[in-house]
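Participant: To convert, note that position 25 of the sequence shown is 34 in the working numbering; the numbers rise steadily by one, no gaps.
Just so it is clear, CB atoms sit at the ideal spot from N, CA and C, and this is done for glycine as well.
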Amino acid sequence: MPHIGIVLGSKSDEPYFQEALRTLEELGIEYELQFLSAHRHPDKVREYASKAATRGIEVLIAGAGGAAALPGVLASWTSLPVIGVPLPTSELKGLDSLYAIVQMPPGVPVACMSIGAWGARNAVLFAAQILSLKHDSIRKAYEAYRAAQRER
Ligand code: RP5
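(1) What runs of the alpha helix (DSSP H), each 4 residues or longer, lie entirely inside the segment 36-91?
(2) So if I measure from each beta-carbon to every heavy atom of the ligand RP5 and keep distances below 6 Å, which residues remain?
(3) Report all residues from its chain with a CB closer than 7 Å to the CB of residue 150; omit the five preceding and five following residues, and keep chain order.
(4) Identify the residues that DSSP records as bridge partners of residue 14: which are they?
(5) Drop a sphere of 10 angstroms on the beta-carbon of residue 32, count the other beta-carbons inside from all chains shown, and report buried for 16 or more, exposed for fewer.
(6) Counting Cβ pairs closer than 8 Å, one from the segment 117-130 and one from the segment 50-57, do we hit at least three?
(7) Is the CB-CB distance between residue 110 and residue 95 below 8 Å?
(8) If I'm right that residue 68 touches residue 139 with Cβ under 8 Å, what's the distance once you round it to whole angstroms?
(9) What residues in its chain sit with their C-beta under 6 Å from that of residue 141, if we drop five residues either side in the sequence?
(10) Below 8 Å between beta carbons: does that hold for residue 20 and residue 44?
(11) Can you give the Cα-Cα distance for residue 121 and residue 143, rounded to whole angstroms?
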């Protein structure tokens, strides 16, 4: 059963998550990947977010470019933690998405990582840290990953 649900606003966003997905595989953390747009598929986004917790998902990661409503809309339909990743797909190169995601009004929080592939990588590591609070096997894998970082 996947612990993490990753939702990207478009198939064209996937390259920014390639390294992040490899990291999840390295850590042995199960995840699922969906392509759902907040503005093109609002009903599917509601359906996915509102059922995610009952399906056993514990953390949501949402990557989107442009106006990047996706992380906030997902968060509006669930009390699971949502980690947003702004993607540099528009003329504004992700600054638009960064401001959109990081400026959630108080009451419905969204964690916001940095723009692009770096943010995607940190999003999965942050999700691993959250999951480590409950899952010993994930904590051990994450601590081993961090120890390996110190060797570099
Ligand atoms: C956003 O618009 C997506 O997250 C993507 O970054 C961007 C362009 O999407 P497409 O129109 O190429 O599907 O919603």
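Facilitator: From the atom records:
(1) 51-61 and 79-85
(2) 18, 19, 21, 22, 46, 73, 74, 75, 96 and 98
(3) 36 and 37
(4) 41 and 69
(5) buried
(6) no
(7) yes
(8) 5 Å
(9) 147, 148 and 151
(10) yes
(11) 22 Å
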